[in-house]
Amino acid sequence: MSSTKILPDQKTEVVPRTSHGGDGDHERFSHYADRNKVTESYITGAPVRAICGKVWVPSRDPKKYPVCPECKEIYEGLPKGESGDDK
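Here you go:
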């Protein structure tokens, strides 16, 4: 089974997952997502998609949380210099 992932560009930052999903860990991890989209989300409140697929609205300090293991694995597996394309 294959799945599609949104890949980060070189302007990726760690941001916390703060959506209120049923998985119970919405406040446990910071996630990798496009920095420009995260900044836009802080202004507009629009949700962002992390490279692991989690959708949330950033609102907390990402430095207070460990990085999502799935985001970290995806990010570390990317070739150096590869950027995401969310078309």
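Converting from the sequence shown to the numbering used here requires adding 657 to each position, the first position being numbered 1.
Note that beta-carbon positions come from the ideal geometry of N, C-alpha and C, so glycine has one too.
These numbers come from a predicted model, not from an experiment.
| query | result |
| --- | --- |
| SER716, DSSP secondary structure in three states | coil |
| Contact under 8 Å by Cβ, TYR689 with ALA707 | yes |
| Classification of PRO726 by the beta-carbon crowding that lies within 10 angstroms, buried from 16 upward | exposed |
| Beta carbon of SER687 nearer than 8 Å to that of TYR722 | yes |
| Residue nearest to LYS729 in terms of C-alpha spacing, selected from ARG717, CYS709, ASP718 | CYS709 |
| LYS720 versus GLY734: straight-line alpha-carbon distance, rounded | 22 Å |
| Element boundaries [beta strand (DSSP E), containing TYR689] | 687-691 |
| Extent of the continuous alpha helix (DSSP H) run through TYR722 | No alpha helix (DSSP H) holds TYR722; DSSP gives it neither H nor E. |
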